[in-house]
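My numbering puts the first residue of the sequence shown at 507, with every later residue one more than the last.
As structure tokens, the structure follows; a few thoughts come after it.
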Amino acid sequence: MTTLHVIAHSPFGDERLHSCLRLLGSEDAVLLCGDAVYALLPGSEPLRLLEQAQLIGRLYALEEDIHARAIASSLATTVDYPGFVALSLHHDKVNSWL
């Protein structure tokens, strides 16, 4: 059973991202939105964790939030809101890390 993990909170304020990465299944995906896209800042500890998690093809960031925060990343695939919906339908479950 695959899960799309949705994280919206800054990775610098709590441990949600770290906890999520520890629980990820091999076919699960992560969508960063809101302040969670700050995890993609170059040289940051959250980015290092994401790189270590080897999420190639399974890490997504909401395009609107990436642009709003002027973040560029080749690690995450950007998706718009219809893409977010498509990811939600593609996975068996969606887990929002509130």
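From the three backbone atoms N, C-alpha and C, an ideal C-beta is built for every residue, glycine too.
Checklist entry - Does the Cβ-Cβ distance between Leu604 and Ala535 come in under 9 Å? => result The Cβ atoms of Leu604 and Ala535 lie no closer than 9 Å to each other.
Checklist entry - Given that a residue counts as buried once 16 or more other Cβ atoms are within 10 Å of its Cβ, and exposed if not, what is Pro588? => result Counting Cβ neighbours within 10 Å, Pro588 comes out exposed, since fewer than 16 surround it.
Item to check | the region 544-558 in contact with the region 585-599 per 3-pair CB rule at 8 Å | outcome: Judged by Cβ distances under 8 Å, the region 544-558 makes no contact with the region 585-599, as fewer than three pairs qualify.
Checklist entry - Between the beta-carbon of Arg564 and the beta-carbon of Glu533, is there less than 9 Å? => result Taking 9 Å as the cut-off, the beta carbon of Arg564 is found closer than this to the beta carbon of Glu533.
Item to check | Endpoints, beta strand (DSSP E) assigned at Ile513 | outcome: Under the DSSP assignment, Ile513 falls in the beta strand (DSSP E) whose first and last residues are 509-513.
Next on the checklist: Pop quiz: His597 and Leu510 are said to be a contact at Cβ under 8 Å. What is the actual Cβ separation, rounded to whole angstroms?
Outcome noted: Their Cβ separation, rounded to whole angstroms, is 4 Å, which keeps His597 and Leu510 in contact under 8 Å.
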